[in-house]
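K.L.:
My numbering applies: residue 175 is where the sequence shown begins, and numbers increase by one. Before I ask anything, here is the structure I am working with.
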Amino acid sequence: MRFRCSRCGEAWPDHPVTRVPCPTCHVKAGTWCRRPSGHRAADLHIDREHAALAAGVLRICRPSPSSSTEQLALNL
């Protein structure tokens, strides 16, 4: 599966946030976040997004000329 930023169009073969371990649910890098029940979470934890930003694997992107709001690089 490929992931694409809806703001700048950059694409990745895997979700860049999953390249770091999650400080919330404690899953290893390379796996999706888990709910307390152990099931796959619908979204990645925000603390993991912050960790990915700090590690340099995720960056705040520049919006395309048609975009007028600022947000994190991924809006999947």
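C-beta atoms are modelled at their ideal positions from N, C-alpha and C, and glycine is treated no differently.
Only counting the same chain, and skipping five residues up and downstream in sequence, which positions put a Cβ closer than 7 Å to that of Arg236?
P.N.:
As a first step, residue 236 must be located in the sequence shown, where it is residue number 62. So the list reads Cys182, once near-sequence residues are dropped.
K.L.:
Out of Thr198, Thr205, Phe177 and Gly204, point me to the one whose CA is closest to His224's CA.
P.N.:
Here residue 224 is taken as the residue at index 50 of the sequence shown, counted from 1. Among Thr198, Thr205, Phe177 and Gly204, the Cα nearest to that of His224 is on Thr198.
K.L.:
Run the CB neighbour count on Gln245, radius 10 Å, all protein chains shown included, and call it buried at 16 or more, exposed below.
P.N.:
Here residue 245 refers to the residue found at position 71 of the sequence shown. Bear in mind that a pLDDT of 48 at Gln245, under 50, signals an unreliable position, so the number given afterwards is only what the model happens to contain. Exposed: under 16 other Cβ atoms inside 10 Å.
K.L.:
Any idea what DSSP makes of Leu250, helix, strand or coil?
P.N.:
Against the sequence shown, residue 250 aligns to sequence position 76. For Leu250, the pLDDT reaches just 49, beneath the cut-off of 50, and the residue's location in the model is therefore unreliable, leaving the point undetermined.
K.L.:
Could you tell me how far apart the beta carbons of Ala185 and Arg178 are, in whole angstroms, since I believe they sit closer than 8 Å?
P.N.:
What you label residue 185 is simply residue 11 of the sequence shown in a count that begins at 1. What you label residue 178 is simply residue 4 of the sequence shown in a count that begins at 1. So it is a contact: roughly 4 Å between Cβ atoms.
K.L.:
Out of curiosity, what's the CA-to-CA distance linking Ala215 and Asp188?
P.N.:
Taking the sequence shown and counting its residues from 1, one reaches residue 215 at position 41. Taking the sequence shown and counting its residues from 1, one reaches residue 188 at position 14. Going by the C-alpha atoms only, they are around 16 Å apart.
K.L.:
Which partner residues does Arg208 have in the DSSP bridge list?
P.N.:
In the sequence shown, residue 208 corresponds to position 34, counting from 1. Partner(s): Arg214.
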